[in-house]
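Written out below as structure tokens is the structure these notes cover.
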Amino acid sequence: MPNRIPERLVAESRVIMTEIVLPEDTNHRGSIFGGRVLALIDKCAAVAAIRHARGEVLTISMDTVEFRNPVVAGQILILNGWINAAFGSSMEIEVEVRSEDPSSGARDLTTRAFVTMVAVDENGRPRRVPGLLASDDDEARRADEATRRRTIRLQNATSS
Ligand SMILES: CC(C)(COP(=O)(O)OP(=O)(O)OC[C@H]1O[C@@H](n2cnc3c(N)ncnc32)[C@H](O)[C@@H]1OP(=O)(O)O)[C@@H](O)C(=O)NCCC(=O)NCCS
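So the sequence shown is numbered by the numbering used here: it starts at 30 and just counts up by one.
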């Protein structure tokens, strides 16, 4: 009999992270280092993946990341992360980063990233993760789009 792992809902692994941008996070112009944002994206995606896999995960890829608006010291960063799709051992996690003006509360989309994480066992080898249950049309659409991105990602990985 197949050993099926019960599927999990997108909502079960959703992550919201909030950070304040400090002077040490910024360059000489006062705007945040891209690498700092990437580290936060990686952390947010890892928490979502750990919640879904209920175990250790490793980052295997991060798609192109575009920084749309500069973020400066004193602003608040809000990261929202969720699983778009779970495949065999890998999961695509989408992370949206918004900056919040501390005075007005106005929020701007700073960047969006697609991160692929692989669940690993105690020997660091890939292990199967639970399937992802879409609870509405939007989640089902995100899963389809993630599957298409995965095909392109794997083609690019093997052709390089
Ligand atoms: C993650 C790791 C254990 C995977 O081992 P591997 O031998 O490459 O495993 P596989 O080839 O079987 O691939 C594992 C999964 O990754 C997926 N994958 C492989 N290359 C990928 C890529 N470039 N982008 C996205 N997914 C990829 C595979 O499709 C597979 O997913 P699936 O099980 O859902 O089909 C290994 O690559 C590793 O340790 N990498 C370093 C991770 C790390 O240290 N990250 C921190 C930043 S340096």
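Just so you know, even glycine gets a beta-carbon here, dropped at the ideal spot from N, CA and C. Keep in mind the model is a prediction, meaning the values are calculated, not measured.
{"Asked": "Is any non-hydrogen atom of ligand 1 found closer than 7 Å to the C-beta of V144, if you look at the structure I gave you?", "Found": "no"}
{"Asked": "Return yes when the C-beta of G64 is under 7 Å from any heavy atom of ligand 1, and no when it is not.", "Found": "no"}
{"Asked": "Helix, strand or coil for L51? Go by DSSP, reduced to three states.", "Found": "coil"}
{"Asked": "Under the criterion of a Cβ to heavy atom distance below 7 Å, does T176 qualify as lining ligand 1?", "Found": "no"}
{"Asked": "Under the criterion of a Cβ to heavy atom distance below 7 Å, does I45 qualify as lining ligand 1?", "Found": "no"}
{"Asked": "With a threshold of 7 Å on Cβ separation, who are the neighbours of Q104 within its own chain once the five nearest residues in sequence on each side are excluded?", "Found": "V50, S128, E129, D130, P131"}
{"Asked": "Buried or exposed: where does P57 fall if 16 or more other Cβ atoms within 10 Å of its Cβ makes it buried?", "Found": "Checking the displayed sequence, the identity of residue 57 turns out to be His instead of Pro. Exposed, because fewer than 16 other Cβ atoms sit within 10 Å of the Cβ of H57."}
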